[in-house]
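Step one of this worksheet: look at the structure below.
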Amino acid sequence: MLSVVTTWALYVIYMGALVGFGIYMWWRNRNASANEYYTANNQIHWFVLCMTYIAALMSTWVFFSGPGGYYRGGFGYFMSELSYMPLFPVLTYFVMNKVWLLNTQRNYTTPADIYYDRFRSPVLRLILALVFFSVSLPYAAAIYIACGQAAQIASGGAVSYNAVVIFVGLTALLFIPFGGVKSVAFAATVQGWIFMVALWVIGIAGLKYGYGGNLPAAISNVWNNVSSWFSYPGPDNWVPYSARFGYPLACAIGWTIMLPDVFIRAGYMGKDLGAQRKLMAYQPILQIIVWSGTMFIGFVAIALLPGLKGSETELVIPLLIEKVISPHTIGGAALLMGIFVWGALAKGLSAATSHLLVAGSIISEDILANTFKLKVKPSVHTTIARCSVALLGLAALGLALKPPELIWTLIMFAIAVVMPMFPVLVGALYWRRATAPAATIASAVGVIGVLLTYKFGYGDSWYGVFGMLISLVLFVGISLVTKPTDENVLDEFYGALETAESKYYAN
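Under UniProt numbering, the first residue of the sequence shown is numbered 1, with each subsequent residue one higher.
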């Protein structure tokens with residue numbers, strides 16, 4: 001579809017602009033502390049906060065496994081998506097706003113910091129660090145995989161997958177260590193609009209050239225030929241009863257709250273309480289815009305390209321462009337393929353850079369500084385932070401060079417494995433009787449429960465629900481039979497929360 005030169009030009013121009021912006025942000029903030037480098041220290045304006053959140057949240061899901069998911073799961077899958085969205089404002093208000101308030105007083109850097117602040121358990125910090133790290137690295141790798149696939153598909157196989165993955169991975173490493181979270185956040189604001197516009201342009205173009213823009217005709221075609229698309233469990237029996245419960249919970253808790261990169265955004269980055277409130281209000285709207293566009297592409301694809309199976313379904317966008325749009329307009333198809341490439345880059349790099357920053361903070365803060373008690377001056381600490389991100393980026397790059405069949409596999413496993421930490425977080429915020437042994441055991445056994453869920457074949461529909469329930473039961477039960485936390489620790493933690501509440505809620 002695109003020539004080798006054109007495909008490489010798209011990547012070089014985009015990545016060059018990204019690296020240039022990262023260097024500019026580094027120069028502006030070259031004296032930033034490690035805390036500012038990783039979290040921006042509560043300095044992100046509400047608009048940038050909303051856009052960097054949606055950009056980090058969505059990943060390359062929206063250009064590959066997203067449309068493929070709607071192709072396989074049908075309209076019932078879309079309804080499962082919609083069902084979790086009302087939970088986001090509720091969870092943000094009762095959980096993440098509390099985290100934000102505490103952060104204004106305690107200056108956290110990593111997701112594990114707030115757990116340690118409440119329970120004062122080095123073992124718990126280490127467990128959480130390992131879990132959050134294990135999530136961030138494969139998530140970033142999944143995104144590099146998608147960027148490589150986008151180039152290979154756009155060029156009809158003429159461009160080497162490995163060459164593009166290496167190029168994107170290495171140039172991204174020039175961007176992230178230089179700029180830190182501020183450069184990632186501001187770049188994601190632009191990239192967020194790029195990927196949302198790209199989605200809808202591709203979907204509308206598919207309908208225009210496939211059905212002359214006649215939506216009722218497309219609906220009638222799917223109704224007559226693939227009627228299972230409109231009902232549970234979907235064309236591929238992809239949305240059984242268990243998934244109707246497990247998937248929305250996984251999205252509401254694991255995906256929009258507990259993934260480490262979005263945890264940082266929802267809890268540590270907002271400039272003020274007004275930014276937090278706007279995040280609560282606007283995120284469901286932005287998610288509906290994105291998921292509606294993704295669902296629309298999946299719908300148009302099954303109307304025009306029925307019978308796709310397995311990993312083919314993750315390629316519905318380029319297949320629509322090649323098989324449906326190209327016969328009508330070669331120039332228009334080439335333009336749309338370019339939009340697809342830049343959309344995948346925009347979305348993928350927003351999430352990849354976010355996850356690598358979090359992974360770097362886990363290594364430099366949770367592991368080196370707090371577990372091994374490495375003591376260095378602030379400038380050296382920041383250098384270690386940047387080097388940690390670079391090394392982890394290389395590790396993600398290595399993982400991406402040997403990809404699994406489905407990007408979906410990496411993404412959903414990452415979402416599931418962080419769910420057992422949620423009951424511990426809620427207990428930390430609201431329950432003085434919660435204890436460190438309970439938090440430690442519940443987190444560890446809950447993660448093991450998720451792994452066993454996947455081992456015995458329930459992970460693809462229940463995701464992390466069983467692990468989270470195990471964590472909840474153990475957390476409550478063990479807390480009630482173990483020694484209460486020292487009152488001085490509790491007074492310090494909850495006192496900081498009360499101070500922040502009196503300061504911000506009074507205004």
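In this text, a Cβ means the ideal position worked out from N, Cα and C, and glycines have one as well.
>> Can you find the residues in the same chain that come closer than 6 Å, C-beta to C-beta, to I363, ignoring five residues on each side of it along the sequence?
In response: S388
>> By alpha-carbon positions, which one of F88, V168 and G169 ends up nearest to L288?
In response: Note that residue 288 is Ile in the sequence shown here, rather than Leu. If we check each option's Cα against that of I288, F88 comes out closest.
> alpha helix (DSSP H) containing E492: first to last residue?
Replying inline: E487 to Y504
> Just reading off the alpha helix (DSSP H) that S134 is part of, what are its end residues?
Replying inline: P122 to A154
>> Looking at the secondary structure, which residues open and close the alpha helix (DSSP H) in which W291 lies?
In response: L273 to L304
>> Give me the residue from V316, W8 and P420 with the minimum Cα distance to V159.
In response: The residue among V316, W8 and P420 with its C-alpha nearest the C-alpha of V159 is W8.
> Between L349 and V290, is the Cβ-Cβ spacing less than 8 Å?
Replying inline: Result no, Cβ atoms of L349 and V290 do not sit closer than 8 Å.
> Taking just the CA atoms, how far does H328 sit from L207?
Replying inline: When rounded, the distance between both Cα atoms is 12 Å.
> Per DSSP, what kind of secondary structure is G477 in: helix, strand or coil?
Replying inline: G477: helix per DSSP, three-state reduction.
> Do you know whose CA, among M419, T435 and F413, lies nearest G459's CA?
Replying inline: F413
> Between A141 and I219, what straight-line distance do the alpha-carbon atoms span, to the nearest angstrom?
Replying inline: 37 Å
>> What does the alpha-carbon distance come out to for the pair V316 and A333?
In response: 14 Å
> Between the beta-carbon of Y209 and the beta-carbon of V324, is there less than 8 Å?
Replying inline: yes
> So who's on the other strand from G270, going by DSSP bridges?
Replying inline: I44
> Mind pulling the alpha helix (DSSP H) runs of 4 or more residues that sit fully within the segment 343-372?
Replying inline: none
>> Measuring straight from C-alpha to C-alpha, what distance separates L82 and V476?
In response: Each residue's Cα considered, the two are about 31 Å apart.
> Between the C-alpha atoms of P284 and V376, what's the straight-line distance to the nearest angstrom?
Replying inline: 42 Å
> If you drop the 5 nearest sequence neighbours on each side, which residues of the same chain put their C-beta closer than 6 Å to that of A400?
Replying inline: A141, Y144, I145 and V165
>> My output table needs one value for S326: the three-state DSSP class, helix, strand or coil.
In response: coil
>> Comparing C-alpha positions only, which one of L174, F296 and V426 sits nearest to M468?
In response: Selected option, being the one with the closest Cα: V426.
>> Just to confirm my understanding: we take P306, look at its own chain, exclude 5 residues before and 5 after, and list those with CB closer than 8 Å. What are they?
In response: N225 and V226
> By how many angstroms is the C-alpha of F422 removed from the C-alpha of I253?
Replying inline: Answer to the nearest angstrom: the Cα atoms are 7 Å apart.
> Are the beta-carbon atoms of I44 and M258 separated by less than 8 Å?
Replying inline: no
> Between the Cα of V417 and the Cα atoms of Y463, F372, L374 and A428, which residue gives the shortest distance?
Replying inline: Its Cα nearest to that of V417, the residue Y463 stands out among Y463, F372, L374 and A428.
>> Starting from A400, trace the alpha helix (DSSP H) in both directions and tell me its first and last residue.
In response: Unbroken alpha helix (DSSP H) run through A400: P378 to A400.
> Terminal residues of the continuous alpha helix (DSSP H) containing R244?
Replying inline: Y241 to L249
> Measuring CA to CA, which of T453, I415, R386 and K373 is closest to P122?
Replying inline: K373
>> Given this structure, state the Cα-to-Cα distance separating Y70 from S228, to the nearest angstrom.
In response: Their backbone Cα atoms lie some 12 Å apart in a straight line.
>> Rounded to the nearest angstrom, what separates T482 and A434 at their Cα positions?
In response: 9 Å
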